[in-house]
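> Okay, so the sequence shown: first residue is -8 according to my numbering, each after it adds one.
By construction, the Cβ of each residue, glycine as well, lies at the ideal position given by its N, Cα and C atoms.
Computed from a predicted structure; not experimentally measured.
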Amino acid sequence: MKTFKLASLEILDSQESNMVQQSFPLLDGLVINREDEQNRWVIEAYLLHKYYTFFQKLKEKQEEVLIQVKISKESNEPATFITSLIGINEIGAHMNVLFRGTIVDQRKSIVEDKLKSLIDEGYSGEELLIKFKEDI
């Protein structure tokens, strides 16, 4: 396994016909390449507790979550992951959120173009994520 510092976290969500990016200020975080047969990664974000309701609702949906993270430093290009939200832990006035997923091995602009194309074709929500995974 290889462990890296999580420098930023954005949740990508399709709302109506738009792709919305929501950023979350980090207190700390890790990105772990598990180096397993499925090429899975674990992303842990340590955040203020005020985001608990947002992530709890996201977890209750039990849908895959498209996220973008910057690894090691803010100036790096973001990496895109297709993930599942596997845990939320309250830690005093803070919380951590755990995602497990696979990295999308393409540059950001290619991913954004593909997502826009699928949205233009009428895909949204879970259907969008399924079609996106099939196409990549």
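1) Could you please give the first and the last residue of the uninterrupted beta strand (DSSP E) stretch that includes tyrosine 37?
2) Classify glycine 92 as buried or exposed, calling it buried when 16 or more other Cβ atoms lie within 10 Å of its own Cβ.
3) Quick check on this structure: which residue in Pro69, Tyr43 and Asn24 has the alpha carbon closest to the alpha carbon of threonine -6?
4) If you draw a straight line from the C-alpha of valine 95 to the C-alpha of leucine 3, how long is it?
5) Tell me the residue span of the alpha helix (DSSP H) that contains leucine 119.
6) Could you have a look at aspartate 19 and say whether DSSP puts it in helix, strand or coil?
7) Could you work out which residue in Val33, Glu112 and Lys107 is closest to serine 75 when comparing CA atoms only?
8) Taking a contact to mean a Cβ-Cβ separation below 8 angstroms, would you say tyrosine 37 touches asparagine 87 in this structure?
9) Quick check on leucine 0: buried or exposed, where buried means 16 or more other Cβ atoms within 10 Å of its Cβ?
10) Please give the ranges of any alpha helix (DSSP H) in the stretch 56 to 115, keeping only runs that are unbroken, at least 4 residues long and fully inside the region.
11) Over the uninterrupted alpha helix (DSSP H) stretch that includes glutamine 47, give me the two end residues.
12) Tell me whether glutamate 26 sits in a helix, a strand or coil according to DSSP, three-state version.
In short:
1) 31 to 39
2) buried
3) Asn24
4) 13 angstroms
5) 116 to 126
6) strand
7) Val33
8) yes
9) buried
10) 99 to 111
11) 43 to 52
12) coil
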